[in-house]
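Residue numbers (the numbering used here), protein chains in the order written: chain A, 1 to 278; chain B, 279 to 556. Virtual Cβ for every residue (Gly too), placed ideally from N, Cα, C. Structure, as structure tokens:
Number of protein chains: 2
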Amino acid sequence: MKIVSLAKSFEGAQGVYKHSAESTNCDMTFAVFTPPQAEKIPVPVLWYLSGLTCSHANVMDKGEYRRLAAKLGVAVICPDTSPRGDHVPDEADNWQFGAGAGFYLDATQAPFDEHYQMYSYITSELPKVVKKNFNFDMGRQSIMGHSMGGHGALIIALKNPETYLSCSAFAPIVSPSTADWSKNAFVKYLGADESNWTEYDAVQLIANGSRFGSFLVDQGGADDFLEDGLRPWLLRDECERAGIPLELRMQDGYDHSYNFISTFMDDHIRWHHSFLGD
Amino acid sequence: MKIVSLAKSFEGAQGVYKHSAESTNCDMTFAVFTPPQAEKIPVPVLWYLSGLTCSHANVMDKGEYRRLAAKLGVAVICPDTSPRGDHVPDEADNWQFGAGAGFYLDATQAPFDEHYQMYSYITSELPKVVKKNFNFDMGRQSIMGHSMGGHGALIIALKNPETYLSCSAFAPIVSPSTADWSKNAFVKYLGADESNWTEYDAVQLIANGSRFGSFLVDQGGADDFLEDGLRPWLLRDECERAGIPLELRMQDGYDHSYNFISTFMDDHIRWHHSFLGD
């Protein structure tokens with residue numbers, strides 16, 4: 001693991017790191033905020049998964065998570081959203097597929113399966129790299145995300161309820177296998193047989209029996225993607241059927257941007273901290 | 279004035295606006311955060327002047343000023359750092375002069391004097407545009423800035439002590455007329471006669487009799503520009519001689535970036551709010 005950049009911030013340190021990843025077969029970059037408490041004790045970990053077109057940098061620049069994470073003593077890890085590199089297959093003019101659009105799944109279709117293994121990368125490989133290099137308590141992990149990253153957080157929590165103590169999302173894609181803007185990516189990554197898509201769809205995972213403690217979801221009321229891509233009511237209905245507590249907060253007037261995310265970031269960090277402990 | 283973008287943020291609104299400016303003879307872009315209180319009452323105004331290479335956008339994205347400004351009911355205005363446009367003279371490969379490097383002065387030398395009138399723009403033209411278009415109390419203005427913008431805040435406060443109720447700076451260039459990295463710009467904007475430079479140099483303004491109520495200055499101890507360009511001790515010594523209260527806080531380990539600025543932004547906003555009132 002190489003340090004790309006490291007700066008003192010809120011008495012902790014905001015770092016950017018790069019490592020050669022086996023699962024995605026390329027160099028991967030990720031950001032870590034280490035709170036000041038980590039100098040003395042192992043601190044809990046909060047993952048933030050970003051949305052389409054983003055890298056680790058967008059939320060690092062605009063997410064406004066450091067002030068409260070430093071105060072409460074929570075590490076925040078912000079991975080990239082896909083494999084990247086000249087040798088990684090991509091569609092440069094398609095923002096909903098390829099680079100910046102890994103959808104946190106393990107692709108099964110050639111040639112994408114050689115690199116697009118973001119589910120394994122986020123849930124298995126990167127945690128090992130973090131454990132080896134930081135004074136973090138990997139027994140206390142929570143996860144959140146935005147849009148495609150909200151989808152990632154939800155499915156990863158549902159598939160690993162013993163690993164993540166809490167899960168929240170900002171404007172998540174709750175059912176990417178049935179949304180027009182994400183179905184095309186699922187076909188290319190997972191093949192035409194839609195029965196293989198349900199493993200990476202929060203609504204369908206719940207319908208098929210997956211469970212998680214509880215979810216916090218914020219959704220902007222002025223989000224342009226609300227009706228077609230996001231549709232949080234599908235998650236609400238499925239959680240109701242399954243008896244999973246979901247706090248779905250419709251935030252009047254907010255859009256899909258980091259203006260929305262940063263406004264409610266404190267609420268999410270406090271909520272996760274209530275599960276993670278000091 | 280045209281709205282470039284507008285998004286709800288922290289119950290207020292983060293906007294970006296564009297207007298045709300007479301003083302700089304070009305279109306100018308600026309950012310305004312309007313706190314929610316402005317819907318009911320005229321709110322006080324806090325100016326943030328940015329540093330070399332920045333536009334209005336850097337601090338808007340990374341400054342983390344909205345949460346507390348919304349809570350306290352303070353509008354935050356972030357202007358650009360220079361005139362811009364195909365017809366504006368520039369040196370594209372020089373980050374210390376031209377576009378992004380207006381130094382908040384009124385140039386006297388051709389061809390720069392036709393556009394580089396940032397002092398007049400910030401102190402006279404833009405406040406009129408703001409007064410006309412927003413529900414702000416222009417009788418209560420304060421000013422802060424970073425690096426070149428810290429220089430701008432200091433000289434503008436010193437030259438207009440009746441207009442600005444308080445002034446603070448992050449890592450300001452306290453004496454640009456004597457620093458190697460800024461002298462070259464002063465020659466081009468103001469001519470070779472150095473006696474004309476003192477009007478735009480905080481240390482020399484104070485030495486020549488300008489006064490202001492008090493200053494708050496934060497300076498990172500790991501700032502690469504500390505020794506050559508910034509030299510806050512020059513301001514400290516001159517303020518001591520003049521009897522101007524200066525709280526100069528050396529912040530161990532912090533660099534020149536927005537990681538430093540955002541860490542101490544809350545302190546600065548609270549300090550200005552104590553002068554501006556509710």
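Just how far apart, CA to CA, sit residue i and residue j?
i: S420 (chain B); j: I155 (chain A); result: 48 angstroms
i: V59 (chain A); j: A101 (chain A); result: 16 angstroms
i: F10 (chain A); j: A70 (chain A); result: 6 angstroms
i: S460 (chain B); j: W181 (chain A); result: 50 angstroms
i: N94 (chain A); j: P83 (chain A); result: 15 angstroms
i: P405 (chain B); j: M416 (chain B); result: 8 angstroms
i: K188 (chain A); j: T29 (chain A); result: 24 angstroms
i: H272 (chain A); j: N462 (chain B); result: 52 angstroms
i: A449 (chain B); j: K8 (chain A); result: 15 angstroms
i: Y65 (chain A); j: G277 (chain A); result: 17 angstroms
i: Q251 (chain A); j: R345 (chain B); result: 16 angstroms
i: A110 (chain A); j: P89 (chain A); result: 10 angstroms
i: L248 (chain A); j: D224 (chain A); result: 18 angstroms
i: A202 (chain A); j: C54 (chain A); result: 21 angstroms
i: K340 (chain B); j: A242 (chain A); result: 40 angstroms
i: S168 (chain A); j: L216 (chain A); result: 5 angstroms
i: D533 (chain B); j: D544 (chain B); result: 18 angstroms
i: L205 (chain A); j: S195 (chain A); result: 11 angstroms
i: T198 (chain A); j: L190 (chain A); result: 10 angstroms
i: G507 (chain B); j: F542 (chain B); result: 21 angstroms
i: G427 (chain B); j: V76 (chain A); result: 31 angstroms
i: S453 (chain B); j: R514 (chain B); result: 12 angstroms
i: Y164 (chain A); j: Y121 (chain A); result: 16 angstroms
i: H429 (chain B); j: T359 (chain B); result: 12 angstroms
i: A179 (chain A); j: R270 (chain A); result: 31 angstroms
i: A57 (chain A); j: P44 (chain A); result: 21 angstroms
i: D364 (chain B); j: A92 (chain A); result: 30 angstroms
i: S264 (chain B); j: L226 (chain A); result: The question about residue 264 (chain B) has no answer here: the residues shown for chain B are numbered 279 through 556.
i: R418 (chain B); j: E240 (chain A); result: 52 angstroms
Tell me whether residue i is buried or exposed, calling it buried when 16 or more other Cβ atoms sit within 10 Å of its Cβ.
i: I539 (chain B); result: buried
i: S535 (chain B); result: buried
i: G193 (chain A); result: The sequence shown places Asp at residue 193 (chain A), not Gly. When all chains shown are included, D193 (chain A) counts as exposed.
i: G293 (chain B); result: buried
i: K40 (chain A); result: exposed
i: V74 (chain A); result: buried
i: R489 (chain B); result: exposed
i: V282 (chain B); result: exposed
i: N486 (chain B); result: exposed
i: S20 (chain A); result: exposed
i: E238 (chain A); result: buried
i: S552 (chain B); result: exposed
i: W47 (chain A); result: buried
i: A377 (chain B); result: buried
Closer than 8 angstroms by beta-carbon distance: list the chain D residues that pair up with residue i, in chain order.
i: R548 (chain B); result: Here the protein chains are A and B, and chain D is not one of them.
Pick from the options: whose alpha carbon is nearest that of residue i?
i: Q219 (chain A); options: A:R66, A:L46, A:A21, A:H268; result: A:H268
i: F381 (chain B); options: B:D506, B:R345, B:L330, B:C517; result: B:L330
i: V310 (chain B); options: B:L327, B:D364, B:A291, B:G351; result: B:A291
i: H146 (chain A); options: A:I206, A:S274, A:P79, A:E199; result: A:P79
i: T123 (chain A); options: A:D90, A:L234, A:P161; result: A:P161
i: L49 (chain A); options: A:H19, A:S214, A:M118; result: A:M118
i: S301 (chain B); options: B:N537, B:D391, B:C445, B:R519; result: B:D391
i: Y295 (chain B); options: B:A316, B:S398, B:N411, B:W325; result: B:N411
i: F464 (chain B); options: B:N537, B:A385, B:G428; result: B:A385
i: Y116 (chain A); options: A:K131, A:V130, A:F97, A:V129; result: A:F97
i: P320 (chain B); options: B:S298, B:N303, B:L350; result: B:L350
i: Y200 (chain A); options: A:A157, A:E238, A:P44; result: A:A157
i: S214 (chain A); options: A:N259, A:E238, A:E240, A:P245; result: A:P245
i: L286 (chain A); options: B:A500, B:P313, B:G430; result: Because chain A spans 1 through 278 in this model, residue 286 (chain A) falls outside it and cannot be assessed.
i: K280 (chain B); options: B:V408, B:R509, B:S552, B:N413; result: B:V408
i: E125 (chain A); options: A:N25, A:E227, A:P232, A:L234; result: A:N25
i: R509 (chain B); options: B:F553, B:I451, B:S552, B:N537; result: B:I451
i: S177 (chain A); options: A:L234, A:N135, A:K159; result: A:L234
i: P35 (chain A); options: A:E227, A:H151, A:K159, A:F136; result: A:F136
Pull the bridge partners of residue i from the DSSP assignment, please.
i: P357 (chain B); result: B:F308
i: H146 (chain A); result: A:F170
i: V217 (chain A); result: A:A169, A:L248
As an exercise, report each continuous alpha helix (DSSP H) stretch of at least 4 residues that is fully enclosed by the segment 3 to 67 of chain A, in chain order.
57 to 62
Pick out the complete alpha helix (DSSP H) segments inside the segment 162 to 211 of chain A, 4 residues or longer, and give them in chain order.
As far as the segment 162 to 211 of chain A is concerned, its whole alpha helix (DSSP H) runs of at least 4 residues are 180 to 190, 202 to 207.
Write down every uninterrupted run of the alpha helix (DSSP H) in the segment 508 to 546 of chain B whose length is 4 residues or greater and which is fully enclosed by it, in chain order.
510 to 520
Completely contained beta strand (DSSP E) runs for the segment 93 to 161 of chain A, where each covers 3 or more residues
136 to 146
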